[in-house]
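K.L.:
Under this note's numbering, the first residue of the sequence shown carries the number 838, and numbering increases by one thereafter.
Ideal Cβ positions, reconstructed from N, Cα and C, are used throughout, including at glycine.
My questions will all concern the structure given below.
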Amino acid sequence: MHFRLILLEETVSTSSYIKDNITVLESFTVVQALHQTAGRGRMGRIWQDEKNNSLLASFLFKNDFPEFDDLRKNCTAVFSLAACSAVSRLGIKTGIKWPNDIYADGKKLGGILAETGFCAAAERYLIAGIGLNINQEFASFKNLPAAASLRMFTGKIHDLADLRKSLFKETAKFIKMKGREIHNAYIQAAGLFPGTGLAFKNEPETRMHLEKVNDDYSLTARKSGGEKIIITDSESILFS
Ligand code: BTN
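Quick look at the structure:
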């Protein structure tokens, strides 16, 4: 599995760059930038970076290879697992916070933004954007106490190219895995085991427990009164 790299000094957003050039870019193109002027996060949020200190990359896939459908369905899991593996190789114990945040010791290191659409009549695309905080110092997050960089854990400055290579290797490994295997690996890494306690932030007294992680990575939970709930919005819930 070979990724073609486009390395940019600066762009608005690597995922937007791909969208703007979707018809000419080939499947397995990766756009990496050293800085984004308007990086996008999940739920319409802004993703801010510090020039040269973050891994900012977007992967383009079109439905021209056998694993495409599995990858589209499991994109969030594939990329969060790949990112966790690449970071774990540096000796940092990582986990996934549902649905696709990369965490270490209760701090967010990065996240995944998956976007799909059609680039021609029957040609689907998938863009997986990944942002990871790498070489920021403690001071960079003084107003963001829930965020951290790899450097804050290791005390070292990390090479962005080495991390990218490691991410390519791990991504290729997870893309080759069967959908069920990915789903199971995700459940382990996210600690989403049946019975896990949950509550809605706006009604914390109503306890629920997790029944399962669905195929689309939404959660099926059950209230103590027996009512079944499908949860898709990570912002509305607390885990216990
Ligand atoms: C999140 O909200 O946690 C997901 C953040 C994803 C950010 C990455 S950085 C590279 C790519 N380009 C973007 O504009 N966003 C993604």
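1) Rounded to the nearest angstrom, what separates glycine 1028 and glutamate 1048 at their Cα positions?
2) Going by alpha carbons, who is nearest to alanine 894 out of Trp935, Leu842, Ile1012 and Leu987?
3) Is DSSP giving glutamate 952 helix, strand or coil here?
4) Can you tell me which residues form a DSSP beta bridge with arginine 877?
5) Which term fits glutamine 873, buried or exposed, when burial requires 16 or more other beta carbons within 10 angstroms of its beta carbon?
6) Write down the C-beta distance between serine 864 and lysine 899 rounded to the nearest angstrom, noting that I regard them as a contact closer than 8 Å.
7) Going along the chain, which unbroken runs of the beta strand (DSSP E) with 3 or more residues stay wholly within the stretch 944–1006?
8) Check whether the Cβ of serine 850 lies closer than 6 Å to any heavy atom of ligand 1, and answer yes or no.
9) Distance check for valine 915 and threonine 1008, CA to CA, integer angstroms please.
10) Residues in its own chain within less than 7 Å of threonine 848 by CB, not counting five upstream and five downstream?
11) Just the Cα atoms here: how many angstroms apart are lysine 993 and glycine 1062?
12) Starting from the C-beta of isoleucine 1066, find all residues in its chain whose C-beta is less than 8 Å away, skip the five residues before and the five after it, and write them out in chain order.
13) Any heavy atom of ligand 1 closer than 6 Å to the beta-carbon of tryptophan 884?
14) Is the closest heavy atom of ligand 1 to the C-beta of serine 986 under 6 Å?
15) Who are the near neighbours of glutamate 1040 in its chain, counting only those whose CB is closer than 7 Å to its CB and skipping five residues on each side?
16) Whole angstroms is fine: what's the gap from threonine 866's alpha carbon to phenylalanine 840's?
17) In the DSSP assignment, what are the bridge partners of arginine 1044?
18) DSSP has glycine 932 in a bridge; who is on the other side?
19) Which residues in the same chain as threonine 889 place their Cβ atom closer than 8 Å to its Cβ, once the five residues preceding and following it in sequence are excluded?
20) With DSSP run on the structure shown, which of helix, strand or coil describes lysine 1060?
21) Taking only three categories from DSSP, how would you classify arginine 926?
P.N.:
In brief:
1) By 1-based counting over the sequence shown, the position of residue 1028 is 191. By 1-based counting over the sequence shown, the position of residue 1048 is 211. In a straight line, the C-alpha of glycine 1028 is about 13 Å away from that of glutamate 1048.
2) Locating residue 894 in the sequence shown gives position 57, where the first residue counts as 1. If we check each option's Cα against that of alanine 894, Leu842 comes out closest.
3) Along the sequence shown, one-based indexing puts residue 952 at 115. Three-state DSSP puts glutamate 952 in a strand.
4) Stepping through the sequence shown from its first residue, residue 877 is reached at position 40. Beta-bridge pairing links arginine 877 to Ile883.
5) Sequence index remark: in the sequence shown, residue 873 carries index 36 (1-based). So glutamine 873 ends up on the buried side.
6) Working through the sequence shown from its first residue, we reach residue 864 at position 27. Working through the sequence shown from its first residue, we reach residue 899 at position 62. About 4 Å; that satisfies the 8 Å criterion.
7) 944–957 and 960–970
8) Position 13 of the sequence shown holds residue 850. Yes; taking the cut-off as 6 Å, the Cβ of serine 850 has a heavy atom of ligand 1 nearer than that.
9) Within the sequence shown, residue 1008 is the residue found at index 171, counting from 1. Within the sequence shown, residue 915 is the residue found at index 78, counting from 1. Cα to Cα, the separation comes out at about 7 Å.
10) Sequence index remark: in the sequence shown, residue 848 carries index 11 (1-based). Cβ neighbours of threonine 848 beyond the five flanking positions: Tyr854, Ala870 and Gln873.
11) If you number the sequence shown from 1, residue 993 lands on position 156. If you number the sequence shown from 1, residue 1062 lands on position 225. Approximately 50 Å between the Cα atoms of the pair.
12) The residue you call residue 1066 lines up with position 229 of the sequence shown. The answer, listed in chain order, is Met1045, Thr1057, Ala1058, Arg1059 and Lys1060.
13) For the purposes of this step, residue 884 is taken as the residue at position 47 of the sequence shown. Answer for tryptophan 884: yes, Cβ within range of ligand 1.
14) The residue given as residue 986 occupies position 149 in the sequence shown. No, the beta carbon of serine 986 sits no closer than 6 Å to any heavy atom of ligand 1.
15) Taking the sequence shown and counting its residues from 1, one reaches residue 1040 at position 203. Counting only Cβ-Cβ distances below 7 Å, and skipping sequence neighbours, we find nothing.
16) Locating residue 866 in the sequence shown gives position 29, where the first residue counts as 1. Locating residue 840 in the sequence shown gives position 3, where the first residue counts as 1. Their Cα atoms are separated by approximately 6 Å.
17) Position 207 of the sequence shown, counting from 1, holds the residue named residue 1044. DSSP lists Ala1036 as partners of arginine 1044.
18) Position 95 of the sequence shown, counted from the start, is the residue given in the question as residue 932. In DSSP, glycine 932 forms a bridge with Tyr940.
19) Position 52 of the sequence shown, counted from the first residue, corresponds to residue 889. In the sequence as displayed, the identity of residue 889 is asparagine instead of threonine. Excluding sequence neighbours, asparagine 889 sits near Leu871, His872, Asn972 and Leu997.
20) Locating residue 1060 in the sequence shown gives position 223, where the first residue counts as 1. In the structure shown, lysine 1060 sits in a strand (DSSP, three-state: E or B).
21) Numbered from its first residue, the sequence shown carries residue 926 at position 89. Looking at arginine 926 - three-state DSSP - the assignment turns out to be coil, as it is neither helix nor strand.
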